[in-house]
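Student:
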Amino acid sequence: MSDDKDEVKKHTIEIPEITRVEGHSAVQIEIANGKVQNVMLDVFEGTRFFEKIVLGHNYEEIPHITSRVCAICSTGHVLAAAFAIEKIFGIECDELTTIFRRVMHLGMFIESHSTHIYALALPDFVGATDLLDFASRFKDEFSNWTQLRNLGTQIQSVIGGRPFHPVNLHVGGLSSIPGKDKLASLITQLEAARPLALDTCQLLMRFKPPIERTSEPVFMALIPVDGKYGYFGNKILSSHGFMADVSEYKQYLNEKAVWYSHAKRSSIEGASLFVGAMARLYLFNDILKGEASNIYTSSPLAKGDHNSIWNNLAQSIEIVQAIDECIELLRVLLERYQDAKAVNKSNLKMKPGAAVGAVECPRGTLYHFYELNNEGQIVAADMVTPSAQNTARIEMDIKETVEQFADYESADLQKSLETLVRAYDPCNTCATHMVSVSYT
Amino acid sequence: MKSDGTLPKIAVHGLTGCAGELLVILENLGTVLPYVQVASFPFAQSKNDIKDVDIAFVEGSVSQEHDIEVLNKIRSHSKWLVAVGNCAVHGCVQSSTCAKFTPQEMVESVYGKDSAIKALEAKPLSSYVEVDVSLSGCPIDKNQFLAVLASLLKDHLPYIIERPVCLECKMRENGCVLIEKNLPCLGPVTAAGCGALCPSFDAACYGCFGPCKDPQLDAMTLILQEKGYNLSDVLVRLGTFGIPEAVLSNLDVRR
Chain A
1 MSDDKDEVKK HTIEIPEITR VEGHSAVQIE IANGKVQNVM LDVFEGTRFF
51 EKIVLGHNYE EIPHITSRVC AICSTGHVLA AAFAIEKIFG IECDELTTIF
101 RRVMHLGMFI ESHSTHIYAL ALPDFVGATD LLDFASRFKD EFSNWTQLRN
151 LGTQIQSVIG GRPFHPVNLH VGGLSSIPGK DKLASLITQL EAARPLALDT
201 CQLLMRFKPP IERTSEPVFM ALIPVDGKYG YFGNKILSSH GFMADVSEYK
251 QYLNEKAVWY SHAKRSSIEG ASLFVGAMAR LYLFNDILKG EASNIYTSSP
301 LAKGDHNSIW NNLAQSIEIV QAIDECIELL RVLLERYQDA KAVNKSNLKM
351 KPGAAVGAVE CPRGTLYHFY ELNNEGQIVA ADMVTPSAQN TARIEMDIKE
401 TVEQFADYES ADLQKSLETL VRAYDPCNTC ATHMVSVSYT
Chain B
1 MKSDGTLPKI AVHGLTGCAG ELLVILENLG TVLPYVQVAS FPFAQSKNDI
51 KDVDIAFVEG SVSQEHDIEV LNKIRSHSKW LVAVGNCAVH GCVQSSTCAK
101 FTPQEMVESV YGKDSAIKAL EAKPLSSYVE VDVSLSGCPI DKNQFLAVLA
151 SLLKDHLPYI IERPVCLECK MRENGCVLIE KNLPCLGPVT AAGCGALCPS
201 FDAACYGCFG PCKDPQLDAM TLILQEKGYN LSDVLVRLGT FGIPEAVLSN
251 LDVRR
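Residue numbers (our numbering), protein chains in the order written: chain A, 1 to 440; chain B, 1 to 255.
1) Using a Cβ-Cβ cut-off of 7 angstroms (strictly less than) and excluding sequence neighbours within five positions of A:Glu325, which residues of its own chain qualify?
2) In chain order, what are the residue ranges of uninterrupted beta strand (DSSP E) at least 3 long that sit wholly in the region 330-393 of chain A?
3) Compile a chain-ordered list of the residues in the region 15-46 of chain B whose CB is closer than 9 angstroms to at least one CB of chain A.
4) Here's the rule: buried if 16 or more other CB atoms are within 10 angstroms of the residue's CB, otherwise exposed. What is B:Val131?
5) Within 8 angstroms (strictly less), CB to CB, does A:Lys52 reach chain B?
6) Exposed or buried, which one is A:Gln377 when buried takes at least 16 other CB atoms within 10 Å?
7) Of the residues A:Phe100, A:His57, A:Gln321, A:Ser114, which one's Cα is nearest the Cα of B:Leu23?
8) Between which two residues does the alpha helix (DSSP H) holding B:Glu226 run?
9) Report the start-end ranges of each alpha helix (DSSP H) in the region 244-316 of chain A that is 4 residues or longer and not cut off at the edges.
10) In whole angstroms, what is the alpha-carbon distance linking A:Val218 and B:Ala204?
11) What residues match up with A:Val225 in a beta bridge as DSSP calls it?
12) Buried or exposed for B:Leu231, going by 16 or more other Cβ atoms inside 10 Å?
13) Give the straight-line distance between the Cα atoms of A:Val21 and A:Gly173, rounded to the nearest whole angstrom.
14) Just the Cα atoms here: how many angstroms apart are B:Gly14 and B:Leu135?
15) Please confirm if A:Asp181 has its CB atom under 8 angstroms from at least one CB of chain B.
16) Is there contact between the region 290-303 of chain A and the region 319-339 of chain A, where contact requires at least three CB pairs shorter than 8 angstroms?
17) Short check: CB of A:Met104 to CB of A:Ser272, under 8 angstroms?
18) For B:Leu135, write down the residues that DSSP places opposite it in a beta bridge.
19) What do you reckon, are the CB atoms on B:Asn174 and B:Ser200 nearer than 8 angstroms?
20) Let's test the definition: count the other Cβ atoms within 10 Å of the Cβ of B:Ala246 and tell me whether it reaches 16, buried, or not, exposed.
21) Pick helix, strand or coil for B:Thr102, following the three-state DSSP scheme.
22) In its own chain, which residues sit with a C-beta less than 6 angstroms from the C-beta of A:His116, not counting the 5 before and 5 after it?
23) Give the list of continuous alpha helix (DSSP H) stretches no shorter than 4 residues that lie fully inside the region 29-101 of chain B.
24) Within the same chain, show all residues whose beta-carbon is closer than 7 angstroms to that of A:Ser438, passing over the 5 residues directly before and after it, in chain order.
25) Taking one C-beta from the region 76-84 of chain A and one from the region 339-359 of chain A each time, how about it: are there three or more such pairs within less than 8 angstroms?
26) Near B:Val70, what residues of its chain come up, given a Cβ to Cβ distance below 8 angstroms and the 5 sequence neighbours on each side ignored?
27) Within 8 angstroms (strictly less), CB to CB, does A:Leu204 reach chain B?
28) Looking at the secondary structure, which residues open and close the beta strand (DSSP E) in which B:Val12 lies?
29) Whose Cβ in chain A lies nearer than 7 angstroms to the Cβ of B:Asp233?
30) Are the C-beta atoms of A:Ile13 and some chain B residue less than 8 angstroms apart?
31) Cutting at 7 angstroms between CB atoms, please list the residues of its own chain near A:Asn312, excluding the five before and the five after it.
32) Might you give, ordered along the chain, the residues of its own chain that have their beta carbon closer than 7 angstroms to the beta carbon of A:Lys351, omitting 5 neighbours on each side?
33) Going by CA-CA distance only, name the one from A:Ile31, A:Arg162, A:Gly160, A:Arg213 that's closest to A:Ile309.
34) For the alpha helix (DSSP H) containing A:Leu151, list its first residue and its last residue.
35) Beta-carbon of B:Cys138 versus every beta-carbon of chain A: anything under 8 angstroms?
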């Protein structure tokens, strides 16, 4: 690197294809004289305009439409929409309906986390080049993924009707109560898959982060509504002590559009946010139970190492938690099966109004806002997805990573950046793409 | 296996959509890997080559310039192009005929007046390129997907059912949720393929596989009105999952 000011050395690092849907996002990093000037993470996620698409539709259609925002977290979108509309109506589902919803939601966590860990993130760590390579050289890992993912899709199929875009989840409750024998068989499947989940944690514990973390993230997540580790809540908590009701999300998230991306940037009191599995474990590890708690305690996370790469490990701990909680909840459902009731639409008292529904999705907090008119039609809507909340933090993380490397052409840097972005699990399709370095 | 001893090549790509079809295909990869070589699947692997592909599966609608470029490239390098999912076949919820806004209006309302973001009206693949096989569904049914792949591997065009969901519903011996429970079921005008999922869960079909062949929309509208649903809600519901505006505008109540 020259000290001559007239010879400013400029580099641009481009990652042309990193996104939730391939080809729809890019990263560009501008470097001058060894300092990162600019990191631009271009996320195209917002181009589908769901906030406008839902306008004019009857509230009953909304969960089915919003589920189409994202396949792998469709259950989360269905529930966030249902929660918002139920708040407008001033109704709360009965306890057993909520338990069915919880089990369904945990099924999504198992499917989503295992697919991210095994099919998207793991090939980075084991050095697999493509799917065939991964499936043939890493038979055990491929089979673990298949079994864990099947478990998640089975749970969602039994309760929701299919692996994603559920048909049995509606505003007010379920249209049909799943058969008792099917619920019982889920317990057997959960127990059989449990050892694989434990192995997954141990496997991820072994992969050391390729780069060191330099600044501490600000974590944020929903406070679980019943004091147990979980994903439903109405209040938000951050690691620097910020607390608020989700209805105030517009104020505290401070969303801003940036010219180079379709995803807006969120921040909380000026700091960039980290939402998702690692955030939840940071904030609520004290209410984890059983084996999940033991694994957390023995992990680098408990020692205060918050390198983003450990988000993969955090997800694996949540799979263990999800399996144990599912077994517990399904036993309750079986014991009280005769009390379970499908939704009676004639009891749903429609009201005009506006409300915010939020839920923790695999990748972090998801917000849905709706306003309904007297006819039960949507007149205003807004959604904030977890990936949009994480983008500013990812940019900051990229900057810190690049600054630790002297050689911008290094293959290690390219690999590290992709591994890093992938660890945030920025929605599902941020898979495996080429990084290219060009000079200006 | 091809005559030169190699496996046929497939490509799996997503344009603008929810990645649902990519997920269905990813989750059935174990089943298809013995028969094909995955030449390109950027969602799931790092080494991708789109040249000389035998079968390309494309999900998502065309909603931005970049989608057109990708689609043209895939079309020119593949023998069979299969549109998978409602987005690719009909445009799905993004082309919902309800509140119609121009792409510019949508950009301004979401990103502000000065935004440089460009969007196109969401369109199915067939608006831009020739499509050989259309497999709808939101998401696609995995058995239908495997059947399409198996047919094409034998160089046969697959049979894809275009009858209404009611056919599958009767085969499952479900009670009719429209007639008996007065639910706003769109089964009579929606393409089968799902196995009549919603009615099997005591819910009304909401049309996620798109229209069946020759959908009897006038009769559908009439019966829902007779059941007490207001016309505006019925028209919105009919247009939510990809029935073309042109078809809807032919309705008696619209003329």
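Every residue gets a Cβ at the ideal spot worked out from N, C-alpha and C, and that includes glycine. All figures in this text were calculated on a predicted structure; none of them were measured in a lab.
Tutor: Quick answer:
1) Here the question's residue 325 of chain A lines up with position 325 in the first sequence. Answer for A:Glu325: Leu106, listed in chain order.
2) Within the region 330-393 of chain A, the complete beta strand (DSSP E) runs of at least 3 residues are 353-361, 364-372, 378-384.
3) Cβ contacts with chain A: Leu15, Thr16, Gly17, Cys18, Ala19, Gly20, Glu21, Leu22, Leu23, Val24, Leu26, Glu27, Leu29, Gly30, Leu33, Gln37, Val38, Phe41, Pro42, Phe43, Ala44, Gln45, Ser46.
4) Taking the first residue of the second sequence as 1, we reach residue 131 of chain B at position 131. With 16 or more other Cβ atoms within 10 Å, it is buried.
5) Sequence index remark: in the first sequence, residue 52 of chain A carries index 52 (1-based). It does; some Cβ of chain B falls within 8 angstroms.
6) In the first sequence, the residue the question calls residue 377 of chain A occupies position 377. Buried: at least 16 other Cβ atoms inside 10 Å.
7) Taking the first residue of the second sequence as position 1, residue 23 of chain B is located at position 23. Ranking the options by Cα distance to B:Leu23, first place goes to A:Ser114.
8) Within the second sequence, the letter at position 226 stands for residue 226 of chain B. Taken as a continuous stretch (DSSP letters only), the alpha helix (DSSP H) holding B:Glu226 covers 217-226.
9) Whole alpha helix (DSSP H) segments, 4+ residues: 249-253, 277-284, 290-297.
10) On the first sequence, position 218 is the one that residue 218 of chain A refers to. On the second sequence, position 204 is the one that residue 204 of chain B refers to. Within the model, the alpha-carbon separation for A:Val218 versus B:Ala204 is close to 44 angstroms.
11) As a first step, residue 225 of chain A is located in the first sequence; it is residue number 225 there, counting from the start. Partner(s): none; A:Val225 has no beta bridge.
12) Position 231 of the second sequence, counted from the first residue, corresponds to residue 231 of chain B. Its Cβ having fewer than 16 others within 10 Å, B:Leu231 is exposed.
13) Within the first sequence, the letter at position 21 stands for residue 21 of chain A. Within the first sequence, the letter at position 173 stands for residue 173 of chain A. With a pLDDT of only 31 at A:Val21, under 50, the local geometry of the prediction cannot be trusted, and no value is derived from it.
14) Taking the second sequence and counting its residues from 1, the one referred to as residue 14 of chain B is at position 14. Taking the second sequence and counting its residues from 1, the one referred to as residue 135 of chain B is at position 135. Cα to Cα, B:Gly14 sits roughly 14 angstroms from B:Leu135.
15) By 1-based counting over the first sequence, the position of residue 181 of chain A is 181. No, A:Asp181 lies away from the interface with chain B (no Cβ there is under 8 angstroms from its Cβ).
16) With the cut-off at 8 angstroms, the region 290-303 of chain A and the region 319-339 of chain A touch.
17) As a working note, residue 104 of chain A is residue 104 in the first sequence. As a working note, residue 272 of chain A is residue 272 in the first sequence. No.
18) Position 135 of the second sequence, counted from the first residue, corresponds to residue 135 of chain B. According to DSSP, which records beta bridges pairwise, B:Leu135 is partnered with B:Val84.
19) Residue 174 of chain B sits at position 174 when you count from the first residue of the second sequence. Residue 200 of chain B sits at position 200 when you count from the first residue of the second sequence. Taking 8 angstroms as the Cβ cut-off, B:Asn174 and B:Ser200 qualify as a contacting pair.
20) For the purposes of this step, residue 246 of chain B is identified with residue 246 of the second sequence, where counting begins at 1. Around the C-beta of B:Ala246, fewer than 16 other C-beta atoms lie within 10 Å, and the residue is accordingly described as exposed.
21) Here residue 102 of chain B is taken as the residue at index 102 of the second sequence, counted from 1. Of the three classes helix, strand and coil, the one that applies to B:Thr102 here is coil, per DSSP.
22) Locating residue 116 of chain A in the first sequence gives position 116, counting from the first residue. Short of 6 angstroms from the beta carbon of A:His116, and not among the five residues preceding or following it, lie these beta carbons of its own chain, in chain order: Asp425.
23) For the region 29-101 of chain B, whole alpha helix (DSSP H) runs of length 4 or above, ordered along the chain, are 29-32, 65-77, 85-89.
24) The residue labelled residue 438 of chain A in the question sits at position 438 within the first sequence. Caution applies to A:Ser438, whose pLDDT of 28 falls short of 50 and renders its modelled position unreliable; the model cannot decide the point.
25) Yes: the two stretches touch, three or more of their Cβ pairs being nearer than 8 angstroms.
26) Here residue 70 of chain B refers to the residue found at position 70 of the second sequence. Once the five neighbours on either side are set aside, the close Cβ partners of B:Val70 are His13, Leu15.
27) Within the first sequence, numbered from 1, the residue matching residue 204 of chain A stands at position 204. Nearest CB-CB separation between A:Leu204 and chain B: not below the 8 angstroms threshold.
28) For the purposes of this step, residue 12 of chain B is taken as the residue at position 12 of the second sequence. Note, B:Val12: beta strand (DSSP E), 9-14.
29) Along the second sequence, one-based indexing puts residue 233 of chain B at 233. Asn58, listed in chain order.
30) Numbered from 1 along the first sequence, position 13 holds the residue referred to as residue 13 of chain A. No - not a single Cβ of chain B is within 8 angstroms of the one on A:Ile13.
31) For the purposes of this step, residue 312 of chain A is taken as the residue at position 312 of the first sequence. Apart from sequence neighbours up to five positions away, the residues of its chain that approach A:Asn312 with a beta-carbon distance below 7 angstroms are Ile117, Ala121, Leu204, Ala423, ordered along the chain.
32) Working through the first sequence from its first residue, we reach residue 351 of chain A at position 351. Setting aside the 5 residues that flank it on each side, A:Lys351 is surrounded in the same chain by Ile88, Phe89, Gly90, each with a C-beta closer than 7 angstroms to its C-beta; the list follows chain order.
33) If you number the first sequence from 1, residue 309 of chain A lands on position 309. Of all alpha-carbon atoms in A:Ile31, A:Arg162, A:Gly160, A:Arg213, the one lying nearest the alpha-carbon of A:Ile309 is that of A:Arg213.
34) In the first sequence, residue 151 of chain A corresponds to position 151, counting from 1. For A:Leu151, the enclosing alpha helix (DSSP H) stretches over residues 139-160.
35) By one-based count along the second sequence, residue 138 of chain B stands at place 138. Yes, contact with chain A.
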